[in-house]
Every structure is written in structure tokens, then in C-alpha cells.
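Colleague: Below is one structure. I have some questions about it.
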Amino acid sequence: VNEYTQRTHTCGELRNSHVGSHVRLCGWLEFQRMNRFAVLRDAYGSTQIVIPEDRGDIMKELNETALESSVSIEGLVDLRPESQINEKMATGEIEVNVSDYKVLGKAIKKLPFTIRNYNKATESVRMRYRYLDLRYPEMQAMLRLRSQFIMRMREFLINQRSFVEVETPTLFRRTPGGAQEFVVPTHHPGEFYSLVQSPQQLKQLLMVGGTDRYFQVARCYRDEGARPDRQPEFTQLDIELSFTDSSQVMRLVEELLATSWPSSLPPLSIPFPTMTFEQAFSDYGTDQPDVRYGCKVFCFMLESFLL
Numbered sequence: 003v004n005e006y007t008q009r010t011h012t013c014g015e016l017r018n019s020h021v022g023s024h025v026r027l028c029g030w031l032e033f034q035r036m037n038r039f040a041v042l043r044d045a046y047g048s049t050q051i052v053i054p055e056d057r058g059d060i061m062k063e064l065n066e067t068a069l070e071s072s073v074s075i076e077g078l079v080d081l082r083p084e085s086q087i088n089e090k091m092a093t094g095e096i097e098v099n100v101s102d103y104k105v106l107g108k109a110i111k112k113l114p115f116t117i118r119n120y121n122k123a124t125e126s127v128r129m130r131y132r133y134l135d136l137r138y139p140e141m142q143a144m145l146r147l148r149s150q151f152i153m154r155m156r157e158f159l160i161n162q163r164s165f166v167e168v169e170t171p172t173l174f175r176r177t178p179g180g181a182q183e184f185v186v187p188t189h190h191p192g193e194f195y196s197l198v199q200s201p202q203q204l205k206q207l208l209m210v211g212g213t214d215r216y217f218q219v220a221r222c223y224r225d226e227g228a229r230p231d232r233q234p235e236f237t238q239l240d241i242e243l244s245f246t247d248s249s250q251v252m253r254l255v256e257e258l259l260a261t262s263w264p265s266s267l268p269p270l271s272i273p274f275p276t277m278t279f280e281q282a283f284s285d286y287g288t289d290q291p292d293v294r295y296g297c298k299v300f301c302f303m304l305e306s307f308l309l
């Protein structure tokens with residue numbers, strides 16, 4: 003993680019074993035107090051930095067730096083005084099005595115919101131300033147979780163099940179049906195493309211062409227109204243197999259999810275519970291029941307109907 007970069011360590015990895023080491027950290031200025039103390043944060047964690055009392059030049063520059071500015075520091079790792087140890091931080095037993103301080107990118111003094119878990123901005127504000135919202139540690143963790151999950155899916159499908167990943171075109175002809183399509187004009191009069199709603203036709207052509215096991219992390223586009231369960235642009239894992247049946251596809255999906263599931267979460271138990279269409283309607287009155295609550299429907303006659 004520290005290759006191809008100016009830093010020697012991330013802001014989340016320094017420990018007691020690094021005491022006495024000369025390090026260079028790069029990150030965002032998270033806190034600043036008492037003119038001398040600050041916390042530097044990056045995508046991997048946070049580290050406290052301390053300005054020596056005889057370095058008034060660095061103190062002045064630190065005090066003039068707005069929070070969330072990008073900075074680079076150099077210094078020696080030292081143990082914190084016992085009274086200042088912060089057990090809530092992974093790096094809470096150490097601090098870095100700064101010998102060099104550089105501002106790489108200045109933030110404005112008044113940000114739309116600060117990165118604080120105890121005082122989060124409203125969702126609409128966070129979406130408007132998404133680039134700032136992505137600095138929240140949990141947002142960084144989600145991006146990495148998603149990346150790791152997709153990597154494990156690829157490893158399972160390609161290395162263990164001999165699938166071929168193929169990127170199909172997103173510019174295609176119109177295929178009316180279902181949702182509306184996004185139309186893309188061209189420089190040729192009267193000619194246009196449509197953004198694909200799914201790779202359905204293209205992946206079936208791959209089957210015809212002899213690629214009997216295909217998958218793709220596909221972008222899909224559907225020009226639908228704004229609803230909680232709809233997105234105009236989204237990503238899906240798209241899979242197609244030749245010479246198979248529904249039971250084999252279900253088994254593939256179960257094994258794929260069980261193999262790719264994050265180790266930090268309880269493991270999945272496979273096979274997944276299933277029910278027939280008739281059973282779903284008989285027990286729940288719908289083909290998409292919420293089985294978490296076990297609220298089955300019953301047919302009975304009220305006494306008033308018997309009179």
C-alpha cells in the first residue's frame with residue numbers, strides 16, 4: 003500500500019514497534035488543537051501529530067491550515083505520555099513529532115460539513131458534496147468491501163468455474179419493452195444509439211458464438227421515474243450459461259455468494275431455502291413474501307357471514 007507513493011506509512015499503521023522511525027505521512031487534517039496538536043487522517047486510519055515548541059514556523063502554518071486540507075508531514079514516531087493514550091484509536095499509543103510540514107491542497111475555511119460521526123449532515127447535503135462525503139471512514143470501508151467482493155467473485159467464476167469475462171457494448175440498437183431507454187444521438191442525421199437496459203441479447207449471442215460460460219460486471223441504464231427502488235444507472239453481475247437448467251443456476255449462485263462473502267460477516271448457509279410459486283401464494287398471498295416475520299395468511303369465515 004506504500005508503493006508508488008510519497009508516504010512511508012499510512013495514517014492507520016503506526017504502532018509501538020515504529021517508535022524512533024522517521025516517517026512521512028500524507029492525508030487530510032482532521033483535528034487541530036492547542037496550536038501544536040493535530041490529527042491526520044487518510045483512507046486507512048488516523049494518527050496524532052505534534053509540533054515541537056521550538057518550531058513556531060510550523061505552528062503558524064498549521065493554525066492557518068483549514069480542516070480537511072491535504073497535507074504531508076515528516077517526523078519521528080514517539081510514544082504518547084501515558085495520560086494521553088487513546089485506546090479508541092488503533093494508533094492511540096504513538097504520535098509523530100513533526101520536523102517538516104507541507105500543505106498539498108488547501109480546503110476552504112467553511113466546509114459544507116465536517117467529517118464527524120456524531121454530527122453528520124443530512125443525506126441531501128452529503129449527496130450534493132459526494133466527494134467530501136466519501137472521506138467518511140465507513141464510506142471508504144464500503145468501497146473497499148465492494149472491491150474485495152467483486153474480486154472474489156471474479157476469482158471464483160474464472161479460476162474455479164471456467165467462466166469468461168466479456169465486456170459487451172453499452173451502445174446498442176433500441177429494444178422496446180420494459181423501461182424507457184436513454185437515446186444517444188450521433189453525428190449522422192436520423193441515426194442514434196440506445197444505452198442498454200441489460201446485456202441480455204448480447205450475452206445470448208455469445209452463447210451462440212460458443213462462449214458457453216460468460217459473466218460481466220455490467221452497467222445498465224433505464225430511463226425510469228425517480229423511485230426508492232429504481233436507479234437510472236446501476237451495476238449488476240450478469241451471468242449466462244449454456245446447456246444448464248434452473249437448479250444448476252441456483253446452485254452456482256449459492257456457491258458464488260458463499261465463496262465471495264466477506265469473512266468479517268457470519269458465513270452463509272447453503273443451500274438457500276426455497277419455495278414454489280404456489281406455496282408462496284398459498285402461505286403469504288404474494289409471490290415476493292417477506293419471510294422474516296412469518297406472517298402467513300389464513301382463510302377462515304367470520305360468524306357474521308354464517309348468519
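Residue numbers (the working numbering): 3 to 309.
Glycine residues also receive a C-beta, built at the ideal position from the N, C-alpha and C atoms.
Quick one: using the 10 Å Cβ neighbour count with 16 as the cut-off for buried, is G211 buried or exposed?
Modeller: exposed
Colleague: Rounded C-beta distance between E55 and V41? I'm assuming under 8 Å.
Modeller: At roughly 19 Å, the Cβ-Cβ gap does not stay under 8 Å, so E55 and V41 are not in contact.
Colleague: For E203, count the other beta carbons within 10 Å of its own beta carbon; 16 or more makes it buried, fewer makes it exposed. Which is it?
Modeller: For clarity, residue 203 is Gln in the given sequence; the question names Glu instead. It is exposed - the Cβ of Q203 has fewer than 16 other Cβ atoms within 10 Å.
Colleague: In chain order, which continuous runs of the beta strand (DSSP E) of length 3 or greater are located wholly inside the segment 200-282?
Modeller: The qualifying runs are 215-223 and 235-243.
Colleague: By the three-class DSSP mapping on this structure, what secondary structure does D44 have?
Modeller: strand
Colleague: For the beta strand (DSSP E) containing K104, list its first residue and its last residue.
Modeller: I96 to G107
Colleague: Relative to the C-alpha of N37, which residue among T170, L64 and R253 is closest?
Modeller: L64
Colleague: Can you name the residues that DSSP bridges to Q2?
Modeller: Residue coverage of the chain in this structure runs from 3 to 309, which leaves residue 2 outside it and unanswerable.
Colleague: With distance defined between alpha-carbon atoms, name the residue in Q34, D59, G29 and F39 nearest to S48.
Modeller: G29
Colleague: What did DSSP end up calling F151 once you bin it into helix, strand or coil?
Modeller: Helix, per DSSP.
Colleague: What separation, rounded to the nearest whole angstrom, lies between the Cα atoms of C301 and S284?
Modeller: 10 Å
Colleague: In angstroms with no decimal places, state the Cα-to-Cα distance between P273 and S249.
Modeller: 11 Å
Colleague: Starting from R26, trace the beta strand (DSSP E) both ways and give me its first and last residue.
Modeller: Counting along the chain, R26 sits inside the beta strand (DSSP E) bounded by residues H24 to R35.
Colleague: When you compare only the Cα positions, how much space is there between Q142 and E66?
Modeller: 27 Å
Colleague: Are the segment 232-248 and the segment 260-267 touching, with three or more C-beta to C-beta distances below 8 Å?
Modeller: no
Colleague: Are the CB atoms of E76 and V25 within a distance shorter than 9 Å?
Modeller: yes
Colleague: What would DSSP say about D289, mapped onto helix, strand or coil?
Modeller: coil
Colleague: According to DSSP, is P187 helix, strand or coil?
Modeller: Residue state, collapsed to three classes: strand.
Colleague: Use the C-beta contact count for K205: other C-beta atoms within 10 angstroms, 16 or more gives buried, fewer gives exposed.
Modeller: Buried.
Colleague: Beta-carbon within less than 8 Å of Q199's beta-carbon, same chain only, minus the 5 sequence neighbours each way: which residues are those?
Modeller: Exclusion of the five residues before and after Q199 leaves T177, G180, A181, E183, C222, Y223 and R224 as the residues of its chain whose Cβ lies within less than 8 Å of its Cβ.
Colleague: Hey, out of S101, V186, V98 and L254, whose CA is closest to F174's CA?
Modeller: V186
Colleague: Which residue comes first and which comes last in the alpha helix (DSSP H) that contains I60?
Modeller: Taken as a continuous stretch (DSSP letters only), the alpha helix (DSSP H) holding I60 covers G58 to N65.
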